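Residue numbers (the working numbering), protein chains in the order written: chain W, 20 to 284; chain H, 304 to 624; chain P, 3 to 343.
Dropping the structure here:
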């Protein structure tokens, strides 16, 4: 069926659960995320510790829902800044064309020809570690694909009959671009944003896993995975729980993206 | 001319709406295609003519369903046959050409492979035989340099050439009936004339019956023996060319003919039909044309008109006929 | 209708316009080749005149329209109401010239209401306050036969004919001197197309504007227009009053077009032969040489446009070496000399 409502619904439920837990953590966590307890190390999941405890005796459930806000914050701000930058570049590149298009697209090609992780490494090395740096690093690696999508949509609408009509009306190029072409790229951009969010969560996890992302003691999901790798045999739940959160979030976002794509494209 | 190749009885097609309900798009139409004739269906967009043809080929969109009726092809009900039998008939006994040949040709495949495809499916020939057959056929449909055309990709051909290739593909298995869905609408007038001549020649030389759909009464007059006029999913008038064009009885047919700009109408207002073609979702009237009909009477809004036989082949469904 | 084309001021003057289309060039193996799309096209449209341009697809008629609209570069002079392209800026230019295109659905932004789209030209030229604009839009919608309430609807809620009415209204709202209608009724149903033709005629009575009506359908052009030009492969091959071109065609191509139109009234014209004979093209020959049934060796040179009208009659230009061969009422004896005027 052409309808994407089913996918959209599943996606919204899954991401809704994650969001609800994250919001809950602002007001209440069963334990403080960094509260250590020597007596309670490596506890398996139970009613007292829903997701068990880690090597310091910290409650993994508390850490997981608390860490969600950092992971999600990084993902959202990455995608938001990337969308803004890519929209400007893509619109200009697609509408102006010619030499401007060549220059922008070649720079984009250059960025995307480096491995994402390498770029992130360079950025993190040049700038100091911190949340802003991660956002900047991820943003640079995401800009090429976003820009290409906005540019393609712009090109498509630039040659549309209604744009020709508007030019004949005497409407200025800036207005055509911002008021008439840009909103028409939203459906395509929207599903890209959703997929981008899930990619950003993965990328943040990967960077934190390498120790380049969120710094201790703050527990982002990627960070928790990294910390869990040494104890994965003694306390597998320490890795599985944040991992499951990542999987649920990404699956949810992907379903939303797929649903939107089917509904609007 | 007595045998009927195709008999359509009470065919009713429904389209699924967004809210899941069924709207009737083609409403109990019955007609027959006689052996060796060219039958035209004329009507404006949304009158159901394309849907009808697609249902004959078994190529309905997912959201369209045949609700009622029979399509008898040489006595066999095509709505009831198996998928397998359907594939046997399509391309071999019955084939179709469309308005835009570019979209029905694979852009990445040379013409040669595409033209010979139906033969490969419905018979066993050697490579050389296939090549010779394809070559002969392209010459037959009036392509100047058939060897070059066989080597070409679709985008390298002009619109007229592509339509000729489509006709070659559709007739390579010498079908009993050829369905043509506005095959000349996208072409220039001169190319259109050539393609019409070609179809007429195929009809005359091989006895292939043609069901020809068009919105252009001039084209219909040039090629058809009989015409059906469709409006809002119903056949409102049927007859020979001369019945329909010289002595139309249904007010819709009359309006359609009157609204065409011709030589002697210059400087005069065109007596166009007011209003617009109803869409499938619009509420059904007993006589679908009544809201736009300038001769509509009180009975027209109350009672569906019966179809009256005016002449041997001439039938009109109107209270005034 | 019945207007005199010899009016005092020309609304459109197209003089010696050439246009080239370059293809290839970016590839390594192919050299860029320039195809000439328009060959020395000249025409004028008088005040309040409807001028028809006919030809097959690819003959350059839409290219000419785009050149006149200033959407593509060209060589030569194009002046609309005394404003030349090269000296007037685009915005000022658009006050004098507007267009209606073939597909009314794609000519309207799907995400904006009819009213918003019709406001665009007014806003671009800073005409009126918001209330005045609203009033103008409502009035224009009524002029084109729609209800003022249509301003709040989206294009997809309208039928094809209604959308085309909106496009015509949007084109008229700036009160331009010239409207270019590029295949404006080709995509519409017969009954809707005739409504639009009637609309053009009604508006013509109420307002003062000229029109360049581009179509592949000679019947429609003859019905609507005062004068007609026929284009073939970028050349204007015939030009004159609608009556002269349609009823006394001088060029074999015009005759071919006329013979190819399927007619409803003729009793069984099915066996009618097309006036066409293909042969091998000759370099430098008349553009129509390879299709012309009358071509001789004489046609290996390119013909000029010559006036075949009688003295005191309106101009009737034909680009052919033997322009009067076919017309029994022609003024000159058929002959090879062609006779420049």
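In this text, a Cβ means the ideal position worked out from N, Cα and C, and glycines have one as well.
Quantities reported herein were computed from a predicted structural model and do not represent experimental measurements.
Per-residue burial, residue i [other beta carbons within 10 Å of its own, 16 or more giving buried]
i, result
"residue 82/W", "buried"
"residue 283/W", "exposed"
"residue 256/P", "buried"
"residue 336/H", "buried"
"residue 270/P", "Model confidence at residue 270/P stands at a pLDDT of 49, short of 50, so the residue's coordinates are unreliable; what they give is reported in the following sentence. It counts as exposed."
"residue 330/P", "Reliability fails at residue 330/P, whose pLDDT of 46 lies under 50, so the model's placement of it is uncertain and the value that follows must be treated cautiously. So residue 330/P ends up on the exposed side."
"residue 280/P", "exposed"
"residue 324/H", "exposed"
"residue 28/W", "exposed"
"residue 68/P", "buried"
"residue 29/P", "Confidence is the limiting factor: at residue 29/P the pLDDT is only 49, short of 50, which leaves the residue's position unreliable and the question unanswerable from this model."
"residue 58/P", "buried"
"residue 147/W", "exposed"
"residue 589/H", "exposed"
"residue 600/H", "exposed"
"residue 540/H", "buried"
"residue 49/W", "exposed"
"residue 27/P", "Since pLDDT at residue 27/P reaches only 48, below the 50 mark, its modelled position is unreliable, and the value read off the structure follows with that caveat. When all chains shown are included, residue 27/P counts as exposed."
"residue 282/P", "exposed"
"residue 149/W", "exposed"
"residue 37/P", "exposed"
Candidates the options, of which the one nearest residue i by Cα
i, options, result
"residue 59/W", "76/W, 90/W, 45/W, 150/W", "76/W"
"residue 211/P", "17/P, 15/P, 52/P, 21/P", "52/P"
"residue 317/H", "401/H, 470/H, 366/H", "366/H"
"residue 482/H", "332/H, 344/H, 320/H, 328/H", "344/H"
"residue 198/P", "157/P, 163/P, 50/P, 290/P", "163/P"
"residue 228/W", "236/W, 248/W, 219/W", "248/W"
"residue 142/W", "239/W, 47/W, 226/W", "226/W"
"residue 116/P", "97/P, 188/P, 136/P", "136/P"
"residue 612/H", "546/H, 571/H, 363/H", "546/H"
"residue 99/W", "149/W, 136/W, 158/W, 205/W", "158/W"
"residue 313/H", "321/H, 373/H, 368/H", "373/H"
"residue 489/H", "508/H, 479/H, 517/H, 502/H", "517/H"
"residue 94/P", "138/P, 128/P, 294/P", "128/P"
"residue 39/W", "234/W, 87/W, 176/W, 64/W", "87/W"
"residue 178/W", "120/P, 139/P, 49/P, 110/P", "110/P"
"residue 508/H", "307/H, 573/H, 444/H, 436/H", "444/H"
Beta-carbon neighbours of residue i, restricted to chain H and to distances below 7 Å
i, result
"residue 297/P", "The contacting residues do not exist; residue 297/P stays about 16 Å from chain H at best."
Interface partners of residue i on chain H, CB under 8 Å
i, result
"residue 263/P", "492, 521"
"residue 50/P", "Within chain H, no residue comes near residue 50/P; the closest Cβ sits about 16 Å away, beyond 8 Å."
Boundaries of the alpha helix (DSSP H) in which residue i is found, first to last residue
i, result
"residue 96/P", "92-96"
"residue 306/H", "Note, residue 306/H: premise wrong, no alpha helix (DSSP H); not H, not E."
"residue 502/H", "492-509"
"residue 136/P", "132-145"
"residue 180/W", "180-188"
"residue 167/P", "162-174"
"residue 337/H", "Element bounds for residue 337/H: not the alpha helix (DSSP H) but the beta strand (DSSP E), 325-337."
"residue 313/P", "Note, residue 313/P: premise wrong, no alpha helix (DSSP H); not H, not E."
Beta-carbon neighbours of residue i, restricted to chain W and to distances below 7 Å
i, result
"residue 141/P", "Simply none; closest approach about 18 Å."
"residue 113/P", "202, 203"
Chain P residues whose Cβ lies nearer than 8 Å to that of residue i
i, result
"residue 568/H", "225"
"residue 282/W", "Going along chain P, no residue has its Cβ under 8 Å from residue 282/W, so there is no contact; the nearest lies around 15 Å."
"residue 188/W", "96, 100, 122, 123, 126, 172, 176"
N-terminal and C-terminal residue of the beta strand (DSSP E) that residue i is part of
i, result
"residue 213/P", "212-217"
"residue 612/H", "610-612"
"residue 184/P", "180-184"
"residue 285/H", "An answer regarding residue 285/H cannot be provided, because it is not within the stretch 304 to 624 covered by chain H."
"residue 397/H", "397-400"
Within chain P, the residues that residue i reaches when beta carbons sit closer than 9 Å
i, result
"residue 183/W", "68, 71, 73, 101, 103, 109"
Interface partners of residue i on chain P, CB under 7 Å
i, result
"residue 68/W", "Those within 7 Å of residue 68/W in chain P number zero; the least Cβ separation is about 52 Å."
"residue 180/W", "103, 105, 108, 109"
Beta-carbon neighbours of residue i, restricted to chain W and to distances below 9 Å
i, result
"residue 92/P", "186, 189"
Taking only runs of the alpha helix (DSSP H) that begin and end inside the segment 226-292 of chain P, which ones reach a length of at least 4 residues, in chain order? Along the segment 226-292 of chain P, the alpha helix (DSSP H) occurs as fully enclosed runs of 4 or more residues at 244-249, 254-262, listed in sequence order.
Considering only residues of the segment 443-475 of chain H, which uninterrupted alpha helix (DSSP H) runs meet the minimum length of 4 residues and lie entirely inside it, listed in chain order? For the segment 443-475 of chain H, whole alpha helix (DSSP H) runs of length 4 or above, ordered along the chain, are 449-454, 462-474.
Note down, one range per segment and in chain order, each beta strand (DSSP E) of at least 3 residues found wholly within the segment 534-588 of chain H. Counting only runs of 3 or more residues that sit fully inside the segment 534-588 of chain H, the beta strand (DSSP E) segments are 537-543, in chain order.
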